[in-house]
Amino acid sequence: MEQLSILLFAMNSIFPVILLVALGYFFKVRGFFTEEFLRIGNKTVFRVLLPVLLFTNLADLDSFAELNWDAVLYVLAVVALLFALGLLFARSTPDRRQKGVLLQGVFRSNFALVGVPLAQLMAGEKGVQAVALLSAFTIPLFNVLSVVALTMYVGPEARPGVGGRAGGALKGILRNPLIIGVLAGIGWVLLKPLAGQMPPVITAFFGKCTFVGTALEYLARASTPVALLVLGGQFEMDSVRGLRKQITLGVLGRLLLAPLLGIGGAVLLQCRGILQFDNGIFAALISLFGTPAAVASAVMAEEMGNDGQLAGQLVVWTTLLSAGVIFGAVVLVRALGLV
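Under this note's numbering, the first residue of the sequence shown carries the number 1, and numbering increases by one thereafter.
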């Protein structure tokens, strides 16, 4: 009965994504979504909605004081290793516009979308806290590495004679809207302790004037459904056959390699007594390494001149197949008494 509830939860977490993508595809077929609308919609998600979402996710944290540094270092090491292995996946295609997409698909998961509810189901409040604290590092890292991955093959720094590679990459990172949202969120959290030193009148004023925060929350909530509808509108069934090899590699990297290293590695180190993670951390690791490709990855790929069609296909297919991966990972760690 417990296994059935886990499977149903995995399906309930994943299928809304599929339904919204299908709805976006239906709207395109019926003529509601034009090419111009989809282009503007993709730009709006990338430059406005997703940066606001990243800012609000980080701004909700009270501080970085309660971090489990063993877990943070482990997660950062695994993501870095996945990035390095993703470079091998990128070599499998001669198309430069596809290389960064495959690389991004290996290391970047949909942690921001399904991480909190999935971890809450497995470990309650401890799981939610673990996800919130790890997200302070993984969200910035995912976005920085994604900008690097999507510019290193097709950006100006990838072409000789157009500025320095390092300088071009750094400018691309600092000017990226998602990085700006992340940096603003981190800065907000760091400035929170100063709020207690402000005069009571000012503190009371800002405490009652919550309209700006409410507006930002509205924009943040709109980011995921709008991104999924646009993704569905850009989806092309005919391109599946031509991208079969790339899709297969991307799915294997996201749903086999990432869980094997991220979750399997933690289980192995825990059993050997090298690491000591509680059930909240293991719930967060499943949410981080067992979930499909990030919805934002397709938006970023399209907006940054990469193969948005391949990126969208990876989001769709990894989402369809990830319910089984999540179910298997949860059953494994529960059988070992880790969550």
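No residue lacks a Cβ here, since even glycine has one placed at the ideal position from N, Cα and C. Only a predicted model underlies this, so the values are computations on that prediction, with no experimental measurement involved.
- Task: If I'm right that Q234 touches L38 with Cβ under 8 angstroms, what's the distance once you round it to whole angstroms?
- Result: 6 angstroms
- Query: A293 and V325: beta carbons closer than 7 angstroms?
  - Reply: For A293 and V325, no; Cβs fall outside 7 angstroms.
- Message: Considering Cα atoms alone, identify which of N143, P225, G185, A123 is closest to I281.
- Response: Distance check between I281 and each of N143, P225, G185, A123 places A123 closest, using alpha-carbon atoms only.
- Item | Inter-residue spacing [alpha-carbon to alpha-carbon] between V154 and T93 | 14 angstroms
- Task: Give the straight-line distance between the Cα atoms of A329 and L336, rounded to the nearest whole angstrom.
- Result: 11 angstroms
- Task: Give a yes or no on whether the C-beta atoms belonging to R108 and F142 are separated by under 7 angstroms.
- Result: yes
- Around the Cβ of Q276, are there at least 16 other Cβ atoms within 10 angstroms (buried) or fewer (exposed)? exposed
- Item | Exposed unless 16 or more other CB atoms sit within 10 angstroms - verdict on I263 | Burial call: buried.
- For the alpha helix (DSSP H) that R254 lies in, which residues bound it at each end? Counting along the chain, R254 falls outside any alpha helix (DSSP H), and DSSP gives it neither H nor E.
- Query: Apart from the five residues just before and just after T56, which ones in its own chain have a Cβ nearer than 6 angstroms to its Cβ?
  - Reply: L216, A220
- Which residues in the same chain have their Cβ closer than 7 angstroms to the Cβ of L285, if we skip the five residues on either side of it in sequence? Hits under 7 angstroms: G262, I263, A266.
- Query: Whose C-alpha, out of F137, P16, D307, is nearest the C-alpha of E236?
  - Reply: D307
- Task: Can you tell me which of the three DSSP states S287 falls into?
- Result: helix
- Query: Under a three-way DSSP split, which group does A293 fall into?
  - Reply: In the three-state reduction of the DSSP assignment, A293 falls in the strand class, which pools E and B.
- At which residues does the alpha helix (DSSP H) containing D70 begin and terminate? 69-90
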